[in-house]
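Trainee: If you're matching positions, the sequence shown starts at 5 in this note's numbering and goes up one per residue.
The beta-carbon is built from N, C-alpha and C at its ideal position, and this holds for glycine as well.
Below you'll find the structure I mean.
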Amino acid sequence: MIPSITQKTRVTSSDKKNGIEPVNRLFLIGNGFDCAHGLQTSYNHFILWYVTYCFTQADEKGEYNDPLINIHRHKHISIDSGYIKTFKDYLNHFYECGFSGLDQQRIHFKNTLNTNVHNPYAVNILSGFFRRLLSKCSNTNWVEIENEYYTFLKEILYSEKLEKRSAVLEDLHTRFAFIIQMLEKYLVQIPVPEPIEGYRSIIDGPILARDIVSPVKMKEEQLPNETLILNFNYTPTINAYFPKDPKFVAPYNLNKRINFIHGELSTPENPIIFGFGDELDKDYEKMELEKSKGFFAYIKSFWYFKTSNYHNMIRFIDSGKFQICVLGHSCGLSDRTMLNMIFEHSNCISIKIYYHGNQNENNYTEITQNISRHFRNKPDMRKKIVPFDKTEPMPQAINDY
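In structure tokens form, the structure reads like this:
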């Protein structure tokens, strides 16, 4: 149910005269928010879709070629081998084992008498980086493309000879650009979900004084003065909570703004930002001293200059005290530069985590551990993070993602 907006929760001019301070709210929206709405937007979902797309094209046309993979369909070899009967069985088999042996001439099965059959496809994986992504992608493991990208960059930094680095980096980024292109192609065909009522009370509800340890004079329940929704997703899921129908504008959309900080699908003026963002890493400092060109091609900081989104976010956190609400963002290292600035900002007075799971099994502790990596001042971190018993789970369209 949408909470009522009463005069008691607003900060009036009279309240300000009595020392009551207005407080803003900053939402960090991550992929978990999309997943909570039932969307298959994880990188595993994307890679499985991409591989399925490639093999489907090869099945229909006899072969498929792109910057990452070449596939030729052997028409004389049946896909029905006893253990594998359908195209779906074929892909599921390789997904279960991190696509190990995908490019081999024979397929090896466990727990079956028919352990060695001809592969009906001739597969050539053209990119070492993509091969690594495949190896990390399985039904028991979640691949993190941006983290793997940065790890690959560091390996180039330390393993390649100086005269080869620029060429190796150029090759990596040609293929990385194609991955981004295919990621957008995948995401744009996912339908926008219906809003979940539980999120309205989170987005429109008051800030609770009990969540804040810092010496701030405020009401027990106080509506935020301004709300910024910092959307790290490329998808428009959050837009469902801000209908363009005029009858929904007030009071629920009052003083609320959405910032697609990492870009929007099919929006050239706000291009997708995909890569890594950790300027605090020691290896990043070494990259800055490198003569080889290309290390910064997909470092997020340089992509932020393409729009005003980053500056608008800075203006918001500089404008007054704020509480952070984490909704589906893992707070991982791929956004460390930005998150360090936000979390350690003197105006940040509270960090409230909405977790995935239940009271007994959830990701609350994992997120707190990720957040800790962005803090140099650990006592400040412990003061800001709202304890588990004062937060709540994220509403879900489905039971699990």
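1) What is the DSSP secondary structure of residue 330, reduced to helix, strand or coil?
2) To the nearest angstrom, how far is the alpha carbon of residue 192 from that of residue 377?
3) What is the C-beta distance between residue 64 and residue 75, in whole angstroms, given that I count them as a contact (C-beta under 8 Å)?
4) Since residue 233 is in the alpha helix (DSSP H), which residue starts that stretch and which ends it?
5) Check whether the region 78-93 and the region 121-135 touch, using three or more Cβ-Cβ pairs below 8 Å as the test.
6) Can you tell me whether DSSP reads residue 297 as helix, strand or coil?
7) So, with DSSP's three-state summary, where would you put residue 67?
8) Which residues does DSSP list as the beta-bridge partners of residue 225?
9) Touching or not, the region 28-37 and the region 233-248, by the rule of three or more beta carbon pairs under 8 Å?
10) Quick check: what's the CA-CA separation for residue 399 versus residue 374?
11) Can you name, in chain order, every residue of its own chain whose Cβ lies under 8 Å from the Cβ of residue 182, other than the five neighbours on each side?
12) Going by C-alpha distance, which of 272, 228, 391 and 57 is nearest residue 311?
13) Over the uninterrupted alpha helix (DSSP H) stretch that includes residue 184, give me the two end residues.
14) Once DSSP output is grouped into helix, strand and coil, what is the label at residue 238?
15) Does the region 216-227 come within contact of the region 190-207, defined as at least 3 CB pairs closer than 8 Å?
16) Among the candidates 340, 120, 99 and 101, whose CA atom is the shortest distance from the CA of residue 151?
17) Determine whether the beta carbon atoms of residue 422 and residue 280 lie at a separation below 8 Å.
18) Is residue 357 near residue 388, with beta carbons less than 8 Å apart?
19) Leaving out five residues before and five after residue 299 in sequence, what residues of the same chain have Cβ atoms less than 6 Å from its Cβ?
20) What does a CB cutoff of less than 8 Å around residue 139 pick up in its chain, not counting 5 residues either side in sequence?
21) With DSSP run on the structure shown, which of helix, strand or coil describes residue 366?
22) Closer than 6 Å by C-beta to residue 313: which residues in its own chain qualify, once you throw out the five before and the five after it? Chain order, please.
23) Contact between the region 165-179 and the region 359-370 is defined here as three or more beta-carbon pairs at a separation below 8 Å; is this criterion met?
24) Which class does residue 379 belong to by DSSP, given the choice of helix, strand or coil?
25) Report the start-end ranges of each alpha helix (DSSP H) in the region 95-136 that is 4 residues or longer and not cut off at the edges.
26) In whole angstroms, give me the CA-to-CA distance for residue 275 and residue 194.
27) Measuring alpha carbon to alpha carbon, tell me which of 55, 239 and 54 ends up nearest residue 270.
28) State buried or exposed for residue 253, treating a residue as buried only when at least 16 other CB atoms are found within 10 Å of its CB.
29) Would you call the CB atoms of residue 136 and residue 129 closer than 8 Å?
30) In the DSSP assignment, find the beta strand (DSSP E) that holds residue 360 and state where it starts and stops.
31) Kindly indicate which three-state DSSP category residue 78 falls into: helix, strand or coil?
32) Within 10 angstroms of the Cβ of residue 108, are there 16 or more other Cβ atoms? Answer buried if so, exposed if not.
33) Between the C-alpha atoms of residue 259 and residue 322, what's the straight-line distance to the nearest angstrom?
Mentor: Per the coordinate set shown:
1) As a position in the sequence shown, residue 330 is number 326, starting the count at 1. Strand.
2) The sequence position of residue 192 within the sequence shown is 188, counting from 1. The sequence position of residue 377 within the sequence shown is 373, counting from 1. One C-alpha to the other measures close to 33 Å.
3) Counting from 1 along the sequence shown, the entry for residue 64 is found at position 60. Counting from 1 along the sequence shown, the entry for residue 75 is found at position 71. No, residue 64 and residue 75 are not in contact; Cβ-Cβ is about 11 Å, not under 8 Å.
4) Taking the first residue of the sequence shown as 1, we reach residue 233 at position 229. Careful: residue 233 lies outside any alpha helix (DSSP H), inside the beta strand (DSSP E) at 231-235.
5) yes
6) Here residue 297 corresponds to residue number 293 of the sequence shown, with the count starting at 1. If DSSP states are grouped into helix, strand and coil, residue 297 belongs with coil.
7) Sequence index remark: in the sequence shown, residue 67 carries index 63 (1-based). If DSSP states are grouped into helix, strand and coil, residue 67 belongs with the strands.
8) If you number the sequence shown from 1, residue 225 lands on position 221. Residue 225 pairs with 212.
9) By the Cβ test, the region 28-37 is in contact with the region 233-248, since at least three Cβ pairs between them sit closer than 8 Å.
10) Counting from one through the sequence shown, the residue named residue 399 turns up at place 395. Counting from one through the sequence shown, the residue named residue 374 turns up at place 370. One C-alpha to the other measures close to 22 Å.
11) Counted from its first residue, the sequence shown places residue 182 at position 178. Excluding residues within five positions, the ones whose Cβ falls inside 8 Å are 70, 71 and 72.
12) For the purposes of this step, residue 311 is taken as residue 307 along the sequence shown, with counting starting at 1. The candidate whose alpha carbon is nearest that of residue 311 is 272.
13) Indexing the sequence shown from 1 puts residue 184 at position 180. Taken as a continuous stretch (DSSP letters only), the alpha helix (DSSP H) holding residue 184 covers 166-192.
14) To locate residue 238, count along the sequence shown from 1; it is residue 234. Residue 238 falls in the coil class under three-state DSSP.
15) no
16) Position 147 of the sequence shown, counted from the start, is the residue given in the question as residue 151. Comparing Cα-Cα distances from residue 151 to each of 340, 120, 99 and 101, the minimum goes to 340.
17) Lying outside 5 to 405, the shown extent of the chain, residue 422 is not represented and no answer is given.
18) On the sequence shown, position 353 is the one that residue 357 refers to. On the sequence shown, position 384 is the one that residue 388 refers to. It is not a contact, given that the beta carbons lie outside the stated cut-off.
19) Here residue 299 refers to the residue found at position 295 of the sequence shown. Excluding positions up to five away in sequence, the list reads 291.
20) Within the sequence shown, the letter at position 135 stands for residue 139. Cβ neighbours of residue 139 within its own chain (closer than 8 Å, five residues either side excluded): 102, 103 and 104.
21) Taking the sequence shown and counting its residues from 1, one reaches residue 366 at position 362. The answer is strand: DSSP assigns residue 366 an E or B state.
22) Numbered from its first residue, the sequence shown carries residue 313 at position 309. Taking C-beta separations shorter than 6 Å and ignoring five residues to either side along the sequence, the partners of residue 313 in its chain run 263 and 265, following chain order.
23) no
24) Locating residue 379 in the sequence shown gives position 375, counting from the first residue. Coil, per DSSP.
25) none
26) Working through the sequence shown from its first residue, we reach residue 275 at position 271. Working through the sequence shown from its first residue, we reach residue 194 at position 190. Cα to Cα, residue 275 sits roughly 18 Å from residue 194.
27) Against the sequence shown, residue 270 aligns to sequence position 266. It is 239.
28) For the purposes of this step, residue 253 is identified with residue 249 of the sequence shown, where counting begins at 1. Note that residue 253 scores a pLDDT of 46, beneath 50, so its modelled location is shaky and nothing firm can be said.
29) The residue given as residue 136 occupies position 132 in the sequence shown. The residue given as residue 129 occupies position 125 in the sequence shown. Not a contact, by the Cβ cut-off of 8 Å.
30) Here residue 360 refers to the residue found at position 356 when the sequence shown is read from its first residue. Counting along the chain, residue 360 falls outside any beta strand (DSSP E), and DSSP gives it neither H nor E.
31) Residue 78 sits at position 74 when you count from the first residue of the sequence shown. Coil at residue 78, not helix or strand.
32) What you label residue 108 is simply residue 104 of the sequence shown in a count that begins at 1. Flag for residue 108 reads exposed.
33) One-based indexing of the sequence shown puts residue 259 at position 255. One-based indexing of the sequence shown puts residue 322 at position 318. Straight-line measurement puts the Cα of residue 322 at about 16 Å from the Cα of residue 259.
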